[in-house]
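Residue numbers (our numbering): 126 to 657.
We put the beta carbon where it would ideally sit given N, CA and C, even for glycine.
Since the structure comes first, as structure tokens, the remarks are kept for the end.
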């Protein structure tokens, strides 16, 4: 029988995890999953013992290999809006005339949608050639062809399923009631952390939908920049994403620049005629402005486009209504992609890393230390960096510092971006597993105790060096950017009066003083109560 001890988090409201203007999709089911999807699930799950974190002997793919495989999978996939109560058997039979289907699943988001993955890309061309531009009465349509389709019925009664439609499975974070029940039934804090990870992490279907959405945006951008790549970065790919998180993507034009190689004949070679601008930033602003206009006018399902071009990193923010994702599109944001790769390595090395991160993030949400609304909050990136740093200073270390990963790097790993040294080993199989056998429950307790006594007023956190440093400025919380080392990733946290009364749900929750004082509040520690 489960111990009656309950983690404090189970008694706090967790249902309002992400409030989005666009409804996140509820996925219906995964059918004909296929071996490729199973391979991806196996590769992206944390490996090793639940007690020690020691890894098994299964070779692990690099970040780039996983991304390339997912991207290729997405290029063989289409998104189809379907009539309600459609016959799944007849639907698949109809699509199979264009080629064998590898896998498919349904989900709901302002209607019923199907994600269908073909075995060959040629099937996509066949489907495109057999699809017509719709007519909408007296209105004019934009004849834009994409892999986002709408299925219509010639004779509706003949294709509607006679049975009641299958209820879609919910892919949103669990409700407060459900999560409370799950946490109450857990045998230990370690089990509770594992439960949080299981309930909040991205599912296989959600991951596939993210890559497909990214691929559809790439199709739009390729109309202006043939050969470009739109890449996912951030929570969607770094192993720390949770259901409902935003879709961070960037337009990568580096490959476009490399497509043409100088082919000289005699004393000549050919170059494209291009326009030039004073800086890379201005170029990014102009490119994103055009892509934003294109998404607004021609991109099916893209709504609420906002061009935020004067930000430190210019971006276009929009909602992809069909998938339910809030999207942020930037240009040539390669350092952010490298940061995602670093977090992917840390998250894959030891299962305890992700379990701790999900637990600490959940704790921070219920204490209003983080928020989905931009502002003076502790960000998830900052909390993740704090967990990584804590695991670097254990004895023995559970995670190596970035500098240690740099010393293991080979010539193929060398990477300099905008003058910043972003070199570290990329092959996980060449990193020696940690000999640390501390339980995740003990680590969580020690995490709170360590930061409860951390000298935030004079020390900085550095995952590059894996040790405390003297703080270079007066910021209340200083966490060094691992690649752009002169930057503070928690710079958004304002200075607050340390004498202000502690009000967890007031304005002071924005300030780091509340974070520190909350660390020191023992009743907030997620430790089980004694059994009766």
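Let me know the secondary structure DSSP gives residue i once reduced to three states.
i	result
residue 232	strand
residue 589	coil
residue 504	coil
residue 431	strand
residue 193	helix
residue 518	coil
residue 399	coil
residue 258	coil
residue 576	helix
residue 92	The first residue shown for the chain is 126 and the last is 657, placing residue 92 beyond what the model contains.
residue 584	strand
residue 554	helix
residue 163	Residue confidence for residue 163 is low, a pLDDT of 44 falling below 50, so the modelled location carries little weight; the figure read from the coordinates is stated next. Helix at residue 163.
residue 531	helix
residue 297	coil
residue 215	helix
residue 446	coil
residue 237	strand
residue 302	helix
residue 411	helix
residue 570	helix
residue 466	helix
residue 251	helix
residue 185	coil
residue 310	helix
residue 460	helix
residue 496	coil
Taking only the alpha-carbon atoms, compute the straight-line gap between residue i and residue j and give it to the nearest angstrom.
i	j	result
residue 491	residue 484	11 Å
residue 620	residue 378	39 Å
residue 337	residue 203	8 Å
residue 613	residue 505	14 Å
residue 401	residue 443	28 Å
residue 406	residue 522	40 Å
residue 212	residue 422	33 Å
residue 476	residue 297	23 Å
residue 550	residue 588	15 Å
residue 466	residue 261	45 Å
residue 595	residue 380	40 Å
residue 481	residue 569	7 Å
residue 558	residue 396	49 Å
residue 615	residue 488	18 Å
residue 463	residue 187	13 Å
residue 461	residue 233	31 Å
residue 250	residue 222	12 Å
residue 447	residue 366	20 Å
residue 209	residue 258	22 Å
residue 275	residue 541	44 Å
residue 565	residue 373	30 Å
residue 235	residue 525	45 Å
residue 319	residue 452	29 Å
residue 382	residue 353	9 Å
residue 269	residue 538	41 Å
residue 459	residue 300	36 Å
residue 198	residue 584	45 Å
Under 8 Å by Cβ, that's how I've got residue i and residue j pegged, so tell me the actual separation to the nearest angstrom.
i	j	result
residue 434	residue 375	About 15 Å separates the two Cβ atoms, so there is no contact after all.
residue 333	residue 191	Not a contact, Cβ separation roughly 13 Å.
residue 106	residue 617	The question about residue 106 has no answer here: the residues shown for the chain are numbered 126 through 657.
residue 430	residue 507	Rounded, the Cβ-Cβ distance is 29 Å, inconsistent with contact.
residue 414	residue 432	6 Å
residue 368	residue 327	6 Å
residue 271	residue 344	6 Å
residue 194	residue 363	Rounded, the Cβ-Cβ distance is 16 Å, inconsistent with contact.
residue 230	residue 330	5 Å
What residues are listed by DSSP as bridge partners for residue i?
i	result
residue 226	243
residue 354	377
residue 266	None; residue 266 has no bridge partner.
residue 477	Beta-bridge pairing links residue 477 to no other residue.
residue 454	374 and 441
residue 541	546
residue 613	605
residue 416	Bridge partners of residue 416: none, in fact.
residue 275	206
residue 594	585
residue 367	326
Alpha helix (DSSP H) runs contained entirely in the stretch 312-364, provided each spans 4 or more residues: 314-325 and 329-346
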